[in-house]
Amino acid sequence: MQEALTEPFVKLLDLGTGTGCILVSCLASMPMAHGTGTDIHPATLAVAEDNARTHSLANRARFLLSDWFTAVEGRFDLIVSNPPYIAEGEMAALSPEVLHEPRRALTPGGDGLDAYRAIARGAPARLMPGGRLIVEIGPSQGAAVAALFAAQGLTGIRILPDLDGRDRVVAARKPAGDTGCGTA
Ligand SMILES: C[S@@+](CC[C@H](N)C(=O)[O-])C[C@H]1O[C@@H](n2cnc3c(N)ncnc32)[C@H](O)[C@@H]1O
22 MQEALTEPFV
32 KLLDLGTGTG
42 CILVSCLASM
52 PMAHGTGTDI
62 HPATLAVAED
72 NARTHSLANR
82 ARFLLSDWFT
92 AVEGRFDLIV
102 SNPPYIAEGE
112 MAALSPEVLH
122 EPRRALTPGG
132 DGLDAYRAIA
142 RGAPARLMPG
152 GRLIVEIGPS
162 QGAAVAALFA
172 AQGLTGIRIL
182 PDLDGRDRVV
192 AARKPAGDTG
202 CGTA
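The opening residue of the sequence shown carries number 22 in this note's numbering; numbering runs sequentially from there.
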């Protein structure tokens, strides 16, 4: 999630934080920032909390049990997420190393885009004007995720490749003059 660090931020939200690795590494690189990590799985949040303590970030990180945005309050200048994105039909083809992950971390079911739909719907209300939304994606999902973000009024949408040239991230921004809550 290198893209997250290309601009300063002070209030970070990591949706589906898992072990907290993205939240912890972003906060470690931005000493003035505070962050909230959410997950739907309580045991996962305990691991994330532990991770934040290990990296001396407990005073800048908090964790919340939440189905995407449902328990989230306030606004953030950066929202990041690496949600489950594998389509139901692609699960059978996954290698055994990947399949040891819990199912909820891998797939939202269906076409693999449901997490992005929920994130796109909820983001405008939780982003400050000018705030950024950055998500990791499966390599074939760039155009679909970009369209979901555009439909919610987000702008400056970019699909970013990894070092192998495969699309891996979609970044977008809430317009600076937009103080509203989107179309959710
Ligand atoms: C692919 S893992 C990513 C974990 C971590 N962010 C990372 O990058 O390693 C997806 C995470 O999303 C969480 N998740 C799945 N459905 C969710 C939901 N409805 N609301 C919040 N988190 C959810 C899973 O429990 C899992 O921790």
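We put the beta carbon where it would ideally sit given N, CA and C, even for glycine.
Since the structure is predicted, the reported quantities are computational estimates derived from the model, not experimental observations.
Open item on the list: Would F90 and A69 be called neighbours here (beta carbons separated by less than 8 Å)?
Closed with: What you label residue 90 is simply residue 69 of the sequence shown in a count that begins at 1. What you label residue 69 is simply residue 48 of the sequence shown in a count that begins at 1. Pairing F90 with A69 gives a Cβ-Cβ distance that is not under 8 Å.
TODO: With a threshold of 7 Å, establish whether the CB of A25 neighbours any heavy atom of ligand 1.
DONE: To locate residue 25, count along the sequence shown from 1; it is residue 4. No, Cβ of A25 sits at least 7 Å from all heavy atoms of ligand 1.
Open item on the list: Please determine whether the Cβ atom of R125 lies at a distance below 7 Å from any heavy atom of ligand 1.
Closed with: Taking the first residue of the sequence shown as position 1, residue 125 is located at position 104. Yes; taking the cut-off as 7 Å, the Cβ of R125 has a heavy atom of ligand 1 nearer than that.
TODO: Pull up the DSSP beta-bridge partners for H55, would you.
DONE: Your numbering for residue 55 matches position 34 in the sequence shown. H55 is bridged by DSSP to K32.
Task: Start-to-end residues for the beta strand (DSSP E) that takes in V156 - done: Taking the sequence shown and counting its residues from 1, the one referred to as residue 156 is at position 135. Segment 148-157, the beta strand (DSSP E) holding V156.
Task: Host beta strand (DSSP E) of V93 (start-end) - done: The sequence position of residue 93 within the sequence shown is 72, counting from 1. Run containing V93: none; DSSP gives neither H nor E here.
Task: Where Q173 falls, given that 16 or more other Cβ within 10 Å makes a residue buried - done: Here residue 173 corresponds to residue number 152 of the sequence shown, with the count starting at 1. It counts as buried.
Task: Spatial distance of M51 from R81 (CA atoms) - done: Translated into positions along the sequence shown, residue 51 becomes position 30. Translated into positions along the sequence shown, residue 81 becomes position 60. A direct Cα-to-Cα measurement between M51 and R81 gives close to 11 Å.
Task: Spatial neighbours of R74 in its chain, beta-carbon cut-off 7 Å, leaving aside the 5 residues before and after - done: What you label residue 74 is simply residue 53 of the sequence shown in a count that begins at 1. No residues qualify anywhere along the chain.
- [ ] With DSSP as the reference, please indicate the residues paired to T176 in a beta bridge.
- [x] Numbered from 1 along the sequence shown, position 155 holds the residue referred to as residue 176. T176 pairs with R194.
Open item on the list: Please classify E118 as buried or exposed, where buried requires at least 16 neighbouring CB atoms within 10 angstroms.
Closed with: Here residue 118 corresponds to residue number 97 of the sequence shown, with the count starting at 1. Around the CB of E118, fewer than 16 other CB atoms lie within 10 Å, so the residue is classed as exposed.
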